[in-house]
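2 protein chains.
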Amino acid sequence: MLKLTKKADYGLMALKFLAEHPETPAFSAKDLADAYGIPAQLLAKILQRLTKTGLLRSHAGMNGGYALAREARTISAYEVIHSIDGPFFITSCTKGAKSCELTPNCTIKEPLARVNETIAGVLKSISIQDLAEHEPAAAKPAEAHKLVALTP
Amino acid sequence: MLKLTKKADYGLMALKFLAEHPETPAFSAKDLADAYGIPAQLLAKILQRLTKTGLLRSHAGMNGGYALAREARTISAYEVIHSIDGPFFITSCTKGAKSCELTPNCTIKEPLARVNETIAGVLKSISIQDLAEHEPAAAKPAEAHKLVALTP
DNA sequence: CTAAACGCGGACCTAACCAGTCGGATATTC
DNA sequence: GAATATCCGACTGGTTAGGTCCGCGTTTAG
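Protein chains in written order, with our numbering: chain A, 28 to 179; chain B, 28 to 179.
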């Protein structure tokens with residue numbers, strides 16, 4: 028179906044919320060969960076993952092919580108999704124040294140991998156800041172065809 | 028995880044195979060399944076779907092089978108995937124009249140919808156013929172930034 | 001005309017995976 | 001030391017993808 032998980036959605040929402048409130052030093056998982064009606068414990072685990080991957084900074088104890096580790100402008104949607112859902116690939120053939128297990132000539136995989144990179148490129152070009160601003164100005168046309176061109 | 032289903036993969040493989048053998052009038056589901064080591068009955072159902080959506084032409088009886096309904100150049104990967112997996116959306120919020128059920132301001136959905144359209148555009152720009160040719164020349168740079176530009 | 005080869009299509013099963021929960025441990029502040 | 005946090009593994013329940021089975025309609029070869 029080509030859709031990303033709710034966890035990734037939640038993660039993006041939370042980061043977007045943090046980007047919209049830069050003055051506040053930290054938000055607890057519960058604060059963020061309440062803001063969007065997300066199950067608190069679930070969001071907590073997501074935020075923990077984002078902390079482990081270096082996108083968030085956490086602080087335990089009272090008045091603790093989470094804050095962006097970097098500037099919102101420098102955090103891409105790709106990083107968030109990748110942190111939560113792991114590496115994604117369009118091709119269901121799991122990549123790596125072993126190509127398609129049984130299928131000998133899965134030549135379909137190759138052009139689809141280009142598509143995959145294109146999507147990744149688009150996602151990388153979108154920052155959390157872009158999400159926070161309602162007017163989404165992203166993906167400069169200058170590098171657009173570099174992203175989309177399938178012939179290197 | 029953002030990956031398309033095996034069924035869609037199988038469908039693309041089958042269409043690619045048909046595009047590579049335009050001289051042969053028809054291939055049975057079993058022929059195509061054997062060519063790639065795909066479960067025959069499963070591929071059969073996929074091909075039936077593609078027939079219903081008008082991408083393939085079927086012929087029952089002996090020496091029957093499937094053939095492309097149109098020229099390979101005019102069949103896009105998007106159509107194939109859409110036929111098999113149905114409409115896909117990046118956002119896990121199921122679209123439609125009802126927006127995000129509980130979440131009041133899921134502003135994240137809007138820019139992600141742009142990404143969704145971008146992906147769809149890339150997929151639409153790739154034809155079965157492109158898959159069949161090993162050297163994949165797709166997505167003319169001319170319309171590239173039209174696809175990627177998130178600000179209309 | 002009959003049987004083999006084929007497409008058609010519903011019902012069904014199963015294994016994986018996502019979403020969400022529970023419970024406990026550790027850290028920090030007051 | 002009590003309240004408020006993060007941290008983290010384990011467990012469960014529901015959905016869906018992947019795959020199978022079986023019976024039916026159609027066509028063609030012999």
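Each residue gets a CB set at the ideal place from its N, CA and C atoms; glycine is no exception.
Asked, Found
"Cβ shell of S55 (chain B) (< 6 Å), same chain only, five flanking positions each side left out", "G92"
"Contact with chain B by P66 (chain A), beta-carbon distance below 7 Å", "no"
"CA nearest to the CA of L74 (chain A), picked from A:E98, A:L42, A:P49 and A:T101", "A:L42"
"Helix, strand or coil at S103 (chain A) [DSSP, three-state]", "strand"
"7 Å Cβ cut-off: residues of chain B touching D58 (chain A)", "Those do not exist, as D58 (chain A) stays about 15 Å from chain B at its closest Cβ, beyond 7 Å."
"Residue-level contact to chain A via CB, P163 (chain B), 7 Å cutoff", "Here the model assigns P163 (chain B) a pLDDT of 45, short of 50, so the residue's position is not dependable, and the following value carries that caveat. With 7 Å as the cut-off, P163 (chain B) counts as an interface residue toward chain A."
"Where the beta strand (DSSP E) through R84 (chain A) begins and ends", "L83 to H86"
"Alpha carbon of L83 (chain B) to alpha carbon of I146 (chain B), nearest angstrom", "24 Å"
"Check whether I153 (chain A) and G38 (chain A) have beta carbons under 7 Å apart", "no"
"Contact with chain B by P138 (chain A), beta-carbon distance below 7 Å", "yes"
"Identity of the residue in A:H48, A:A60, A:G81 and A:G64 nearest A71 (chain A) by Cα", "A:A60"
"Collapsed DSSP secondary structure at F54 (chain A) in the structure displayed", "strand"
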